[in-house]
Structures are given as structure tokens and as C-alpha cells.
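Numbering (the working numbering), first residue to last: 16 to 536.
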């Protein structure tokens, strides 16, 4: 089963014939009724008899129907806030074939390679690409908030108000990591939303969304808050956002729209869904409004968003690691790599340390640490509570500014070999690793009585990761084993997590480990 994270903006169809209409004409709708099942006459008489008797009953003797209580009525909330929700259309167009400039000749040559001499007969401007999403009015003077991915790559952005007016929007600023965009339209006295406190949101509370899924403006859906502080799997650029999870129905076109509480206050921006099919599957995620407010403040003041950074790569702590290190519970973030030239490299933090708290705030896992550090401004001082060698210590560190993704890539404290080895021997596991012809690493020879064989590993298994660190070459496997050996030296036998592929299926094995690998060239 393949699960994927999907943004909820709606991409316009490439063909006019396949365009999904914003509204259906009523004459095109047909009701199809299932054929009624015919019942025996006796049963029909039995069913109709109570109806006949009810008709003869004195109205004063009838009891009023009981009403279901306890369920919310969102009518007033919707009437008060629907006008604050807008539709966002972003348009991106490509230059015509006849346009010259940077890359113009190569683009024309590419088209000529596809269509031959008929490339010159193609229409000049290509059809513009449109994406639809939602947004909401933040202030009466025309500031509008939506998701960054709704307007990604757009040449023009249009905001359609609830009264039908469509206005051109200027992009004030975008925060790609937080997936937040601030727009501005030229209008006055617009109906702005009321902002709530997302820190007060609790699982089980009712929530409501208004947006434009599939182009159906002012669509209302409701549900309950399912969870807080979610970090989305596979979203490497968004461990900084503690998403609100709900079962409010969100579909393509809802992105950027508001998530309301029962007081009519915005507590989040609907951003993503967890889906198998591309449509709503019962799980949706919203960016907390408190997080949004801080991002908007920075965009207005500085034109960009700056986040704190220390330069460590971390992962969560499982139960076995906690037991091995003497922690009372599985918590914190294990430092697995340190970026050269970063604040962490200039501190006493080393690979294998567990960061338990930042400025007194407990850290649950790696994503929790990233979020905590990212919420602090660059240049500020942070106090890290670190578990090392069986005891805690405090490390004071000055945060740098989070680099751009390409700048953040750097060598780590793990040594690298200049040559690719022919094999890697791990004597204490009784195992030899060899390269695969098509690329990758496989389990080679095994000692039948060694820990690897006793744990269930078999020759020919394709190695995917070691201790949750992906390995694609023998050098990477060697460095990971060497790192583990260094961090665990003198601590006795330990379990190492191997993920392998066998017969098309992935499996975990945990052999006991206590030594260093050797590589042969």
C-alpha cells in the first residue's frame, strides 16, 4: 500500500474538455433511483396499519418528536465568517516560441525536435497553467493569507472575494518551509477573520473548514481535532511546523483556507492531507495560527523568515537505545552527525549525545528538537540539556541562521574513505558486506554461529539501512558501522537495527554488535 502526502491545491485540467466546472448546471443533473423492492401484500398491510392509526389519533395526545441534542449547529458561524474566505487563482504562463532571450534558442530547438518543421506553426503563447486554492482575509486593508504551495511558480495571483469581485494580488512575502504566503489586494473595509489561540486547541474539539474544493466556493465541512504537534512523514522541509490533525474533509482547492473553532475564530490554515488516492481519506493537517502569526510578523518586518540553527542531524530515541544509555524512558533526540563550521561543531556536543530539552522545554523526538530550535531567532542563546555518558549536562550555544537547503549540505563528523572498498568485514557480527552489480550493498558470507546469522540475516539480503541510516554503498555502510562502534565503544554488546530487502519484502533484524568493521580495497 502506497501512502503519500498531498497538498490540497487544485491544478487546472490541461484540456478544456476535461475541465471540472466550478458549478454544475441543474439541467445536467439526473437523479437515479434504485428499483424499489416489492413486498408481499400482507407485509404491506402491516406496515401501513400504524400509519392509519396515527392519522386517527387526537393531535393533543401526540408527543412532540424528540430532538437530538449535543451536536453543534454551525449556521451562525458560517454566516458570520463565509465572506472572509476567498478563492485564490495562481496563473503561470510560458513564453511564446518566438520570444528570444535566455534559453530561447534551445527551447525552440527542443520543440523543433519534437514537431519538426511544424514547430513554427504552433501557436505563439502556450496555454497558461492555473492552480486554485483558498485563503482568508487577515486585515481590512487587504492582507490575505494562503499556502505558499498554492501560488508556487505563479506569474500572477488573483483573489476572488465572496461578492464575486476578482482582484489582482501582490505577493508580500513567502515562507516555503512554513508553507505560508502573505498577499495584498487593493481594497478597503474588507471583512477580516478573527484569530484564535491554537495553543488552546484540544483533541476532541469541533472544527470547521470553509474553502473551494474542486472549485466549489464557500464549501463548509466539519469534524473534530484528532491530534496536535504532528510532523508529517516524508516532509523533509516541514519538521518546523507542528501540524494540527483533524478529520475535517479537505480536498484539492481547500489549501490555504481557514480552520475555525466553534467560536468562529481561525485556529489553523488547512494545508495537506494524508491519502492513498489523492482525495480526502479521513486525515487532514492544518498549520497552527499561532505559528502563522509569527511568520506573518517576520514577513512584514523583514521580508523573510529566519530560524535558529545549531548544525546537528538527529533522530528519535527508541526504547532499546534508552535502556542501553540508562534513560528512564524513550525521549529526546540522538545526535548522529554534526555539521562542520556550525555552532554545534564549536560546542561540546558530540555524536551519540541525547538532547533532552531546549531552554527547559522537554524534547520528545528529533522533529520536536528541530521545531524548538527553529522557533528561536538567530543570534539568541539556547540552553540544551544533554544526556552523555550516563549523566546530564547543560550546553550553552548561540544559534546561527538556518541556511538555505543547498547551503546546509556539508561534510559531517563521520570520516569518509577516498576509495570505494571491495568488501566490508564486520567480525563481531560474523558478516561480510559486498557490492551489488546494479548498485547497493548485499549481505555476503556469514558465520553460521555469528550474531548476524543467529539474528536471521541471510546471504543475498539487500541492505537498505543500518540503525535507520540509509546505505547505498559499501563506504556508507562502513562509515555507519564505524560511527556505531565509536559511539558504543566500551559499553558491551548492543543491538544494531538492520533493514534489508528479501524476496521483494523489507524486514528488520537486530544482531548483537560490539566491534569495528574492516574494509578491503
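Yeah, the Cβ is synthetic: ideal placement off N, Cα and C, and Gly gets one too.
None of these values were measured; they are calculated from a predicted model.
Straight-line gap, residue i to residue j (C-alpha atoms, nearest Å)
| i | j | result |
| --- | --- | --- |
| residue 455 | residue 474 | 14 Å |
| residue 342 | residue 197 | 44 Å |
| residue 377 | residue 347 | 8 Å |
| residue 245 | residue 302 | 10 Å |
| residue 385 | residue 271 | 24 Å |
| residue 307 | residue 195 | 7 Å |
| residue 333 | residue 345 | 5 Å |
| residue 542 | residue 233 | Not covered by the structure: residue 542. The range shown for the chain is 16 to 536. |
| residue 168 | residue 340 | 48 Å |
| residue 409 | residue 393 | 20 Å |
| residue 219 | residue 329 | 32 Å |
| residue 177 | residue 103 | 11 Å |
| residue 401 | residue 213 | 30 Å |
| residue 266 | residue 91 | 24 Å |
| residue 465 | residue 488 | 23 Å |
| residue 217 | residue 399 | 28 Å |
| residue 442 | residue 513 | 16 Å |
| residue 123 | residue 170 | With a pLDDT of only 47 at residue 123, under the threshold of 50, the placement of this residue in the model should not be trusted; the figure read from the coordinates follows. Each residue's alpha carbon lies about 21 Å from the other. |
| residue 93 | residue 164 | 26 Å |
| residue 353 | residue 383 | 18 Å |
| residue 96 | residue 256 | 26 Å |
| residue 203 | residue 309 | 24 Å |
| residue 373 | residue 179 | 49 Å |
| residue 350 | residue 438 | 28 Å |
| residue 417 | residue 389 | 8 Å |
| residue 262 | residue 367 | 38 Å |
| residue 406 | residue 440 | 34 Å |
| residue 235 | residue 387 | 34 Å |
| residue 520 | residue 99 | 50 Å |
| residue 381 | residue 510 | 21 Å |
| residue 159 | residue 365 | 45 Å |
Beta bridge counterpart(s) of residue i as assigned by DSSP
| i | result |
| --- | --- |
| residue 212 | According to DSSP, which records beta bridges pairwise, residue 212 is partnered with nothing at all. |
| residue 413 | 396 |
| residue 324 | 415 |
| residue 260 | 242, 300 |
| residue 371 | DSSP lists no partner for residue 371. |
| residue 520 | 517 |
| residue 198 | 159, 186 |
| residue 295 | For residue 295, which the question treats as bridged, DSSP gives no partner whatsoever. |
| residue 484 | 481 |
Spatial neighbours of residue i in its chain, beta-carbon cut-off 6 Å, leaving aside the 5 residues before and after
| i | result |
| --- | --- |
| residue 313 | 320 |
| residue 200 | 157, 174, 182, 184 |
| residue 162 | 194, 270, 271, 286 |
| residue 484 | 495 |
| residue 209 | 280 |
| residue 298 | 289 |
| residue 524 | 470, 471, 472, 513 |
| residue 215 | none |
Extent of the continuous beta strand (DSSP E) to which residue i belongs
| i | result |
| --- | --- |
| residue 171 | 171 to 175 |
| residue 516 | 513 to 517 |
| residue 102 | 100 to 107 |
| residue 217 | Neither: residue 217 is in no beta strand (DSSP E) and is coded neither H nor E. |
| residue 352 | 348 to 353 |
| residue 92 | Unbroken run through residue 92 is the alpha helix (DSSP H), 90 to 96; no beta strand (DSSP E). |
| residue 449 | 446 to 450 |
| residue 364 | Careful: residue 364 lies outside any beta strand (DSSP E) and carries neither H nor E. |
| residue 477 | 477 to 481 |
| residue 274 | 273 to 275 |
Close-in-space but distant-in-sequence residues of the same chain around residue i (CB under 7 Å, 5 per side omitted)
| i | result |
| --- | --- |
| residue 522 | 515 |
| residue 221 | 87, 237, 239, 277 |
| residue 391 | 323, 397, 414 |
| residue 467 | 444, 445, 446, 461, 526 |
| residue 358 | 325, 326, 412, 413, 414, 415 |
| residue 424 | Confidence is the limiting factor: at residue 424 the pLDDT is only 37, short of 50, which leaves the residue's position unreliable, though a coordinate-based value still follows. For residue 424, where only same-chain residues beyond five positions count, there are no Cβ hits under 7 Å. |
| residue 283 | 213, 259, 274, 301, 302, 303, 304 |
Opening and closing residue of the alpha helix (DSSP H) in which residue i lies
| i | result |
| --- | --- |
| residue 180 | Note, residue 180: premise wrong, no alpha helix (DSSP H); not H, not E. |
| residue 439 | It is not in any alpha helix (DSSP H) - residue 439 instead sits in the beta strand (DSSP E) that spans 438 to 441. |
| residue 463 | Neither: residue 463 is in no alpha helix (DSSP H) and is coded neither H nor E. |
| residue 385 | 381 to 389 |
| residue 337 | 334 to 340 |
Residues near residue i in its chain [Cβ-Cβ closer than 8 Å; skip 5 each side]
| i | result |
| --- | --- |
| residue 154 | 205, 207 |
| residue 486 | 456, 478, 479, 480, 492, 495 |
| residue 517 | 473, 475, 476, 477 |
| residue 469 | 526 |
Contact between the segment 209 to 225 and the segment 275 to 287 (3+ Cβ pairs under 8 Å):
yes
Within 8 Å, do at least three Cβ pairs link the segment 183 to 194 to the segment 318 to 335?
yes
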